[in-house]
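Trainee: Please read through the structure below; I'll follow up with questions.
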Amino acid sequence: MAGVLDHLAAGTAEIAIDECVAAWEADGDPAALGLAGVAGFWRGDFADATARAAEGLAAAADDDARAVCAAALSLAATGDEFTDPGDAWTVARDLVGTAAAPGSPWWSCVRYLVAEAAMVSVRIDDTAAVHRSGPAPAAAWAGHPFAPLMVICQVREATFSGRVDDALGLLGPMMETVVPGTRVADLIGSVAALVHGFAGDDAGVEVSLPVARHVPDTPHDYIDRGALMLLAYGAMAVGDAATSAAMTFRAGADEDLSRCTIIDRALGLEILLISALEEGDDEAAAAWLVGLGRLAGHPIADTVVLRGQARHALASGDPEAAIEFAKRSVELSVAAGRQFEVADGDLLVARAQLALSEPGAASRTLRTLVAESDRTGHAAVRRSATAALAASGRRLPPIAGGGWSALSAREAEVARAILAGRGVEEIAMELHLSPGTVRTHISRVLCAFGVATRVGLLAAVGRIEGAAPPTTPALSPRQAEVAALVAAGRTNKQVAAELGIAVKSVEKHLGDIRSRWDAGSRFEVARIWWGSGTAPR
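Taking the working numbering, the leading residue of the sequence shown gets 71, the next gets one more, and so forth.
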């Protein structure tokens with residue numbers, strides 16, 4: 071096992087294949103054929119890999135051999151659309167689940183292979199279940215140059231399930247497993263490009279693109295092709311279709327991307343289709359759609375094929391057909407836990423709804439979508455949704471709790487006017503807006519700061535630097551306590567509970583404070599308090 075992983079990490083999978091086949095011929099050990107299947111998958115020789123793994127599985131008489139051969143068969147079949155692996159993945163998963171020494175190097179590696187096979191089949195929920203089922207595979211291989219690949223599987227699972235914040239948190243542990251001076255060390259930045267792309271971070275993607283220089287002109291194996299495809303996915307997530315297409319071309323050996331796995335072929339052909347549509351080349355787009363259509367009917371590729379058909383239908387002026395294709399893609403994606411594809415499908419539905427002059431329906435589709443993606447850090451979804459809605463003159467609600475950065479320039483003006491104590495009519499006159507528009511901006515401002523009231527906004531923003539402290543009469547100690555809690559956004563009932571006094575007493579103190587400070591409202595009390603010298607800096 072260790073020798074095979076050495077070769078896979080070093081880029082010499084062909085040597086591993088020869089050594090494993092020789093071991094099978096000399097000793098008759100079926101596990102050697104399973105490992106030859108893994109190495110064959112790594113090289114992109116999918117048909118040979120599935121044949122060897124299937125032969126090994128048929129001959130296997132012990133759990134160790136059965137598990138590695140079944141895992142290898144299910145993994146190799148993710149690149150061979152003509153081979154049905156049957157229940158090989160389930161067999162391997164069950165054997166891993168009952169292993170006597172689940173944390174051993176052997177069983178840890180088999181667990182990784184089972185997780186990788188599920189991941190490349192885009193069965194993301196299954197991938198997550200395998201990762202939860204036992205010790206992290208990389209722990210048993212600490213210090214080995216292959217260990218980072220095991221963590222990368224976890225990062226990809228988190229990213230493609232839409233849990234981008236979780237994926238960002240895994241980048242540090244992933245880097246800690248990298249052995250300096252190895253080939254993996256040179257290419258690991260492609261994983262960061264993927265995660266930062268899904269996080270909507272253009273700079274994070276751009277800084278990782280030079281990783282491609284370390285890939286030979288003709289990619290050698292799964293690591294080379296994988297690095298290029300991860301760069302392609304990261305670039306596509308931030309809207310850079312040209313770079314994404316360039317990386318895809320490098321990863322594929324031909325126009326069908328035949329040395330890539332089925333999912334990378336499908337997504338790669340979709341990228342090329344998008345690039346052609348963006349450049350207005352309908353003939354090229356039709357050609358890429360034909361290539362994508364060759365994968366129709368395969369469970370790994372079906373969602374992508376449907377989405378490609380939706381894109382082409384929309385570009386051809388048939389938004390009704392586009393909606394039908396996209397919704398079918400979304401249904402299949404939801405069932406498989408393919409959250410990144412759910413997002414792509416819903417975005418297509420919304421674009422088609424806009425083409426049908428249904429901006430309200432499009433807005434509802436996208437609002438529902440970004441509510442979930444905002445929660446998990448999948449910021450690229452909001453970016454794409456915002457761009458889709460822009461032409462209709464509609465906007466998404468800001469990220470709840472996003473603060474100033476979530477506001478447009480006009481919304482920030484309204485926020486500053488609120489903090490200065492202006493009312494709706496005053497803001498409307500000052501900014502030459504209708505009162506209704508001002509109220510809409512106010513609701514978006516409150517949403518951006520995650521508060522329901524203007525007092526809550528003051529508490530969220532805190533003291534405004536540069537504001538001159540108002541000249542106000544001093545308060546009694548108890549009144550000062552009440553004023554501070556009101557300014558922090560507490561209700562009268564909450565103030566009473568914190569100070570151990572009656573609600574009626576709070577109301578009296580608040581009335582006295584308003585009288586002393588000549589404050590016309592609770593909000594004005596809070597605004598004066600935050601502008602006073604007693605507010606925290």
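Quick reminder that beta carbons are idealized off the backbone N, C-alpha and C, glycines included. Everything numeric in this text was worked out from a predicted model, so none of it was measured.
Can you tell me whether ARG226 is buried or exposed? The criterion is at least 16 other CB atoms within 10 Å of its CB, across all chains shown.
Mentor: Looking at its Cβ environment, which holds 16 or more other Cβ atoms inside 10 Å, ARG226 is buried.
Trainee: Could you name the residues of the same chain whose beta carbon sits closer than 7 Å to that of ALA80, not counting the 5 residues immediately before and after it, in chain order?
Mentor: So the list reads ARG253, once near-sequence residues are dropped.
Trainee: Going by C-alpha distance, which of ILE258, PHE268 and LEU143 is nearest PRO280?
Mentor: With distances taken between Cα atoms, PRO280 lies closest to ILE258.
Trainee: Is the beta carbon of GLY378 sitting closer than 9 Å to the one on LEU327?
Mentor: No; because the gap between Cβ atoms is not below 9 Å, this pair is not in contact.
Trainee: Can you tell me whether DSSP reads CYS330 as helix, strand or coil?
Mentor: Of the three classes helix, strand and coil, the one that applies to CYS330 here is coil, per DSSP.
Trainee: To the nearest angstrom, how far is it from the Cα of ILE598 to the Cα of ARG452?
Mentor: Those two C-alpha atoms are separated by around 37 Å.
Trainee: What's the C-alpha gap between ASP416 and VAL375?
Mentor: Using only the alpha carbons, I get a separation of about 15 Å.
Trainee: Quick test of your reading: ASP99 and ALA92, contact by CB under 8 Å. State the CB separation rounded to the nearest angstrom.
Mentor: Actually they do not touch by this definition, with Cβ atoms about 11 Å apart.
Trainee: Mapping DSSP to helix, strand and coil, what is LEU365?
Mentor: Note: LEU365 maps to coil in three-state DSSP.
Trainee: Who are the Cβ neighbours of GLN549 in its own chain at under 8 Å, not counting the five residues just before and after it?
Mentor: Excluding positions up to five away in sequence, the list reads HIS579, ASP582, ILE583 and ARG586.
Trainee: Under the three-state reduction of DSSP, which class applies to ASP294: helix, strand or coil?
Mentor: Three-state DSSP puts ASP294 in a helix.
Trainee: With H, G and I counted as helix, E and B as strand and the rest as coil, what does DSSP make of THR313?
Mentor: Three-state DSSP puts THR313 in a helix.
Trainee: Which same chain residues end up closer than 6 Å to HIS266 when comparing Cβ atoms and leaving out the 5 residues on each side of it in sequence?
Mentor: Correct list, in chain order: GLY274 and VAL275.
Trainee: Anyone know if the C-beta pair for PRO429 and GLY463 falls short of 9 Å?
Mentor: For PRO429 and GLY463, yes; Cβs fall inside 9 Å.
Trainee: Does LEU78 pass the burial test, meaning 16 or more other C-beta atoms within 10 Å, or should it be called exposed?
Mentor: Flag for LEU78 reads buried.
Trainee: For the alpha helix (DSSP H) containing TRP587, list its first residue and its last residue.
Mentor: Run containing TRP587: 573-587, per the alpha helix (DSSP H) assignment.
Trainee: Among ALA131, LEU145, ALA96 and ASP134, whose alpha-carbon lies nearest the alpha-carbon of ASP118?
Mentor: Measuring from the Cα of ASP118, the nearest candidate turns out to be LEU145.
Trainee: TRP177 and VAL161 look like a contact to me (Cβ under 8 Å); what is the Cβ gap, rounded to whole Å?
Mentor: Incorrect: roughly 14 Å between the Cβ atoms, too far for contact.
Trainee: Quick one: which unbroken alpha helix (DSSP H) runs of 4-plus residues sit fully inside the region 115-159? Chain order, please.
Mentor: Counting whole runs of 4 or more residues, the region 115-159 contains the alpha helix (DSSP H) stretches 116-129 and 133-146.
Trainee: Are the C-beta of VAL281 and some C-beta of chain B separated by less than 9 Å?
Mentor: Among the protein chains of the structure shown there is no chain B, as only one such chain exists.
Trainee: Between PRO369, LEU339, ARG560 and VAL565, which has its C-alpha nearest ASP154's C-alpha?
Mentor: Of the candidates PRO369, LEU339, ARG560 and VAL565, the one whose C-alpha sits nearest the C-alpha of ASP154 is PRO369.
Trainee: For the alpha helix (DSSP H) containing PHE111, list its first residue and its last residue.
Mentor: Taken as a continuous stretch (DSSP letters only), the alpha helix (DSSP H) holding PHE111 covers 100-113.
Trainee: Would VAL556 and VAL525 qualify as a contact pair, given that the criterion is a beta-carbon distance under 9 Å?
Mentor: A contact, by the Cβ cut-off of 9 Å.
Trainee: Look up ILE598 in the DSSP assignment and say whether it is helix, strand or coil.
Mentor: If DSSP states are grouped into helix, strand and coil, ILE598 belongs with the helices.
Trainee: Quick check on this structure: which residue in PHE519, GLY491, ALA441 and ALA487 has the alpha carbon closest to the alpha carbon of TRP474?
Mentor: Taking only the C-alpha atoms, the option nearest TRP474 is PHE519.
Trainee: Check each candidate in ALA109, HIS511 and PHE410 and name the one with the smallest Cα separation from HIS290.
Mentor: Here the closest residue by C-alpha is ALA109.
Trainee: Residues in its own chain within less than 7 Å of MET189 by CB, not counting five upstream and five downstream?
Mentor: The answer, listed in chain order, is THR197, CYS223, ARG226 and GLU227.
Trainee: Which residue comes first and which comes last in the alpha helix (DSSP H) that contains GLU401?
Mentor: Segment 389-406, the alpha helix (DSSP H) holding GLU401.
Trainee: For ALA185, which of ALA262, ARG163, GLY173 and ARG136 has the nearest alpha-carbon?
Mentor: Nearest C-alpha to ALA185: ARG163.
Trainee: Can you list, in chain order, the residues of its chain with a C-beta nearer than 8 Å to that of PHE152? Leave out the 5 residues immediately preceding and following it.
Mentor: Same-chain partners within the cutoff: ALA117.
Trainee: Closer than 8 Å to a non-hydrogen atom of the ligand SAM - does that hold for the CB of LYS574?
Mentor: As for the ligand SAM, it is missing from this structure, which has no ligand bound.
Trainee: Only counting the same chain, and skipping five residues up and downstream in sequence, which positions put a Cβ closer than 8 Å to that of GLU325?
Mentor: GLY361, listed in sequence order.
Trainee: Using the three-state DSSP reduction, which class does PHE519 fall into: helix, strand or coil?
Mentor: In the structure shown, PHE519 sits in coil (DSSP, three-state: anything other than H, G, I, E or B).
Trainee: Can ASP310 and HIS284 be called in contact, C-beta distance under 9 Å?
Mentor: No; because the gap between Cβ atoms is not below 9 Å, this pair is not in contact.
Trainee: Do THR313 and LEU264 have their C-beta atoms within less than 9 Å of each other?
Mentor: Result no, Cβ atoms of THR313 and LEU264 do not sit closer than 9 Å.
Trainee: Identify which residue in ALA307, ALA124 and ASP150 has its Cα closest to the Cα of ARG113.
Mentor: Nearest C-alpha to ARG113: ASP150.
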